[in-house]
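> Keeping their order, the protein sequence lines are chains D and C. Numbering of the first sequence is given in the numbering used here, commencing with residue 64 and proceeding in unit increments. Numbering of the second sequence is given in the numbering used here, commencing with residue 64 and proceeding in unit increments.
Number of protein chains: 2
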Amino acid sequence: MNAPLPRDPIADAQRNWERHGWGDVAAPMAAVTAIMRTQQILLARIEGALKPFGLTFARYELLALLSFARSGALPMNKASALLQVHPTSVTNAVDRLEKAGLVVRSPHPTDGRTTLIELTAEGRTLAKSATAVLNTEVFSQSGFADRDVDQLIRILGDFRRGAGDFSE
Amino acid sequence: MNAPLPRDPIADAQRNWERHGWGDVAAPMAAVTAIMRTQQILLARIEGALKPFGLTFARYELLALLSFARSGALPMNKASALLQVHPTSVTNAVDRLEKAGLVVRSPHPTDGRTTLIELTAEGRTLAKSATAVLNTEVFSQSGFADRDVDQLIRILGDFRRGAGDFSE
DNA sequence: TCCAAACCCTTGGATGTCCTAGTATATTGC
DNA sequence: GCAATATACTAGGACATCCAAGGGTTTGGA
């Protein structure tokens with residue numbers, strides 16, 4: 064990790080925006096930039112915690128999703144929709160998880176176009192261990208105050224709904 | 064864009080966490096996941112707005128940073144620190160910006176190890192145009208309520224300080 | 001019935017990020 | 001003054017994401 068900067072670079076950017084006459088959008092710009100940076104920090108922590116398992120966050124998310132599916136299996140397009148990533152990203156993740164023996168591809172019983180992703184026993188075990196570590200090493204010490212967590216869930220939930228992620 | 068899901072997948076994940084006895088970390092897990100997804104949505108919007116300029120967000124950020132520097136030039140290591148990305152990412156961005164004629168590399172006058180990145184006239188013009196478009200197409204319609212923007216800046220600011228981004 | 005349109009997955013290419021290692025230049029300490 | 005250490009940038013590799021395009025399967029309307 065680098066030494067902390069003496070000043071918050073995002074607050075500086077906000078001031079620059081204001082100084083240049085874009086005061087009306089300086090705050091949203093700062094908020095958006097802060098989200099970018101926060102995501103980067105969180106992702107680094109998560110990947111660090113998952114490294115011992117040979118998992119990345121993308122692969123872990125897929126594993127976790129499968130572990131919550133009743134049958135431990137999901138069609139790839141369903142996984143793509145629920146994880147909200149491009150289908151090719153799922154293909155990529157499944158390729159690697161399959162090579163690691165954590166999931167298996169199997170044909171859909173009635174639709175020849177569809178491929179099912181199925182958790183192996185090993186995959187289920189690893190998902191459980193990885194989740195435990197993420198919970199204790201990352202989520203339980205997220206660095207957000209409890210009240211702020213609730214705020215974030217509400218604010219970002221509104222945002223995601225507005226962006227068309229879900230209707231609910 | 065895909066059709067909205069009938070249910071919020073992150074809220075579902077939170078319920079799954081609670082159902083499995085991890086209720087104490089379900090909320091932070093949901094908040095972290097929501098930040099990931101929000102970042103993805105915002106990045107897609109930004110890149111869409113920048114595409115006509117042949118810029119990506121990474122390159123735009125560097126261009127914008129340079130345009131706010133007094134002399135229009137910065138050492139690469141300084142840019143890396145302020146943008147809070149790995150030095151190799153800056154090298155990558157500068158390679159492409161230089162190829163596009165938007166910046167120039169020049170040797171540091173006193174330190175032979177250091178390379179200065181300097182905006183060209185064309186780079187400065189493009190940065191200005193791109194900023195105008197980002198302001199009107201993205202930041203001015205961020206999808207966050209004004210009050211929520213302030214909350215985000217405060218919450219994420221606290222988080223980033225806690226993560227060691229800056230001391231201030 | 002049958003062909004066009006829709007859908008599903010994969011391949012190949014472009015970008016970005018990080019890490020590790022290597023080269024060159026500065027700085028420090030003896 | 002010189003060797004050891006620190007700093008700055010770049011090269012190569014692993015991953016992830018998206019887009020565009022291609023091949024196989026279903027569906028639906030003429």
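Ideal placement from N, C-alpha and C gives every residue a C-beta, glycine not left out.
With DSSP as the reference, label L179(C) as helix, strand or coil.
Walking along the second sequence from the start, residue 179(C) turns up at place 116. Strand.
> Output, in chain order, the set of chain D residues within a Cβ distance shorter than 7 Å of T101(C).
Here residue 101(C) corresponds to residue number 38 of the second sequence, with the count starting at 1. I98, L219, F222, R223, listed in chain order.
> With H, G and I counted as helix, E and B as strand and the rest as coil, what does DSSP make of W229(C)?
Counting from 1 along the second sequence, the entry for residue 229(C) is found at position 166. The question names Trp, but residue 229(C) in the sequence shown is Phe. DSSP places F229(C) in strand when its eight states are reduced to three.
> Three Cβ pairs or more, each shorter than 8 Å: is that satisfied between the segment 97-106 of chain C and the segment 143-152 of chain C?
In short, these stretches do not touch, since the Cβ pair count stays below three.
> Using beta-carbon positions only, say whether I98(D) and L125(C) come within less than 8 Å of one another.
By 1-based counting over the first sequence, the position of residue 98(D) is 35. By 1-based counting over the second sequence, the position of residue 125(C) is 62. Going by C-beta atoms, I98(D) is not nearer than 8 Å to L125(C).
> Determine which residues of the segment 197-208 of chain D have a Cβ less than 9 Å from any Cβ of chain C, and write them out in chain order.
Answer in chain order: L197, N198, T199, V201, F202, S203, Q204, S205, G206, F207, A208.
> Return the CA-CA distance between L197(C) and H171(D), expressed in angstroms with no decimal places.
Here residue 197(C) refers to the residue found at position 134 of the second sequence. Here residue 171(D) refers to the residue found at position 108 of the first sequence. The alpha-carbon atoms of L197(C) and H171(D) are separated by roughly 44 Å.
> Kindly say whether N79(C), judged by its beta-carbon, lies nearer than 8 Å to any beta-carbon of chain D.
Your numbering for residue 79(C) matches position 16 in the second sequence. Yes, N79(C) counts as interfacial toward chain D.
> Do we get a CB-CB distance below 8 Å when we pair G227(D) with the residues of chain C?
In the first sequence, residue 227(D) corresponds to position 164, counting from 1. At least one chain C Cβ lies under 8 Å of G227(D).
> Counting C-beta neighbours from all protein chains within 10 Å, is the total for A89(D) 16 or more, i.e. buried, or is it exposed?
Within the first sequence, residue 89(D) is the residue found at index 26, counting from 1. So A89(D) ends up on the buried side.
> Can you pull the chain D residues whose beta carbon is under 8 Å from the beta carbon of D71(C), in chain order?
Position 8 of the second sequence, counted from the first residue, corresponds to residue 71(C). What D71(C) touches in chain D: G220, R223, R224, D228, F229, E231.
> 8 Å is my cut-off, CB to CB: does I104(C) come that close to chain D?
Residue 104(C) sits at position 41 when you count from the first residue of the second sequence. Yes, I104(C) lies at the interface with chain D (some Cβ there is under 8 Å from its Cβ).
> Which bits of chain C does L68(D) rub up against, with CB to CB less than 7 Å?
Residue mapping note: residue 68(D) aligns to position 5 of the first sequence, counting from 1. By Cβ distance, chain C contributes A144, D228, F229.
> Anything in chain C within Cβ reach of I216(D), meaning under 7 Å, just list it in chain order.
Taking the first residue of the first sequence as 1, we reach residue 216(D) at position 153. Residues of chain C passing the Cβ test: A90, A93, A94, A97.
> So which residues of chain D does N140(C) contact, with C-beta pairs closer than 8 Å?
Position 77 of the second sequence, counting from 1, holds the residue named residue 140(C). In chain order: nothing, as chain D lies at least about 10 Å away.
> How would you label T154(D), buried or exposed, when you count the other beta carbons within 10 angstroms and need 16 or more for buried?
As a working note, residue 154(D) is residue 91 in the first sequence. Classification of T154(D): exposed, given that the 10 Å Cβ count is below 16.
> Among A208(D), I216(D), F222(D), S203(D), whose alpha-carbon lies nearest the alpha-carbon of W85(C)?
For the purposes of this step, residue 85(C) is taken as residue 22 along the second sequence, with counting starting at 1. Residue S203(D) is the option with its Cα nearest to W85(C).
> Helix, strand or coil for L68(C) per DSSP?
Locating residue 68(C) in the second sequence gives position 5, where the first residue counts as 1. It is a strand residue.
> Please report how far the alpha carbon of A283(C) lies from the alpha carbon of A121(C), in whole angstroms.
Since the first residue of chain C shown is 64 and the last is 231, residue 283(C) is not available in this structure.
> Report the neighbours of F116(C) on chain D: residues whose CB is nearer than 7 Å to its CB, in chain order.
The count along the second sequence starts at 1 and reaches residue 116(C) at position 53. Here the premise fails: no neighbours, minimum Cβ distance about 17 Å.
> I need the boundaries of the beta strand (DSSP E) containing S169(D), first residue and last residue.
Here residue 169(D) corresponds to residue number 106 of the first sequence, with the count starting at 1. It spans 166-170 - the beta strand (DSSP E) in which S169(D) sits, taken as one unbroken run.
> At which residues does the beta strand (DSSP E) containing P138(C) begin and terminate?
Numbered from its first residue, the second sequence carries residue 138(C) at position 75. Segment 136-138, the beta strand (DSSP E) holding P138(C).
> Kindly list, in the order they appear in chain C, the residues whose Cβ is closer than 7 Å to that of N65(D).
By 1-based counting over the first sequence, the position of residue 65(D) is 2. Near N65(D) (Cβ distances below 7 Å), the residues of chain C are A144.
> Would you decide whether P91(D) is buried or exposed? Buried here means 16 or more other CB atoms lie within 10 Å of its CB.
By 1-based counting over the first sequence, the position of residue 91(D) is 28. Buried: at least 16 other Cβ atoms inside 10 Å.
> Check the Cβ-Cβ distances between V153(C) and every residue of chain D, and say whether any is below 8 Å.
Locating residue 153(C) in the second sequence gives position 90, where the first residue counts as 1. So, not an interface residue.
> Hey, could you find the ends of the alpha helix (DSSP H) L129(D) is sitting in?
Taking the first residue of the first sequence as 1, we reach residue 129(D) at position 66. L129(D) -> alpha helix (DSSP H) spans 120-131.
> Step through the CB atoms of chain D and report whether any lies within less than 8 Å of the CB of V212(C).
In the second sequence, the residue the question calls residue 212(C) occupies position 149. Output row for V212(C): interface = yes.
> Does any residue of chain D have a CB that is nearer than 8 Å to the CB of D87(C)?
As a working note, residue 87(C) is residue 24 in the second sequence. Taking Cβ atoms only, chain D reaches closer than 8 Å to D87(C), which makes this a yes.
> So, are the CB atoms of V157(C) and M139(C) less than 8 Å apart?
Your numbering for residue 157(C) matches position 94 in the second sequence. Your numbering for residue 139(C) matches position 76 in the second sequence. Yes, they are a contact pair.
> Using the C-alpha atoms, what's the distance from G111(C) back to P150(C)?
Against the second sequence, residue 150(C) aligns to sequence position 87. Against the second sequence, residue 111(C) aligns to sequence position 48. Approximately 25 Å, taken between the alpha carbons.
> Please name the residue, chosen from K114(C), F222(C), H83(C), that lies closest to G206(D) on a Cα-to-Cα basis.
Mapped onto the first sequence, residue 206(D) falls at position 143. It is F222(C).
> Specify the secondary structure class of W80(D) as computed by DSSP and reduced to three states.
Here residue 80(D) refers to the residue found at position 17 of the first sequence. The answer is helix: DSSP assigns W80(D) an H, G or I state.
> Excluding the five sequence neighbours on either side, which residues of its own chain have a C-beta within less than 8 Å of the C-beta of E231(D), listed in chain order?
For the purposes of this step, residue 231(D) is taken as residue 168 along the first sequence, with counting starting at 1. For E231(D), where only same-chain residues beyond five positions count, the Cβ hits under 8 Å are R224.
> In the structure shown, what three-state DSSP assignment does V153(C) receive?
As a working note, residue 153(C) is residue 90 in the second sequence. Three-state DSSP puts V153(C) in a helix.
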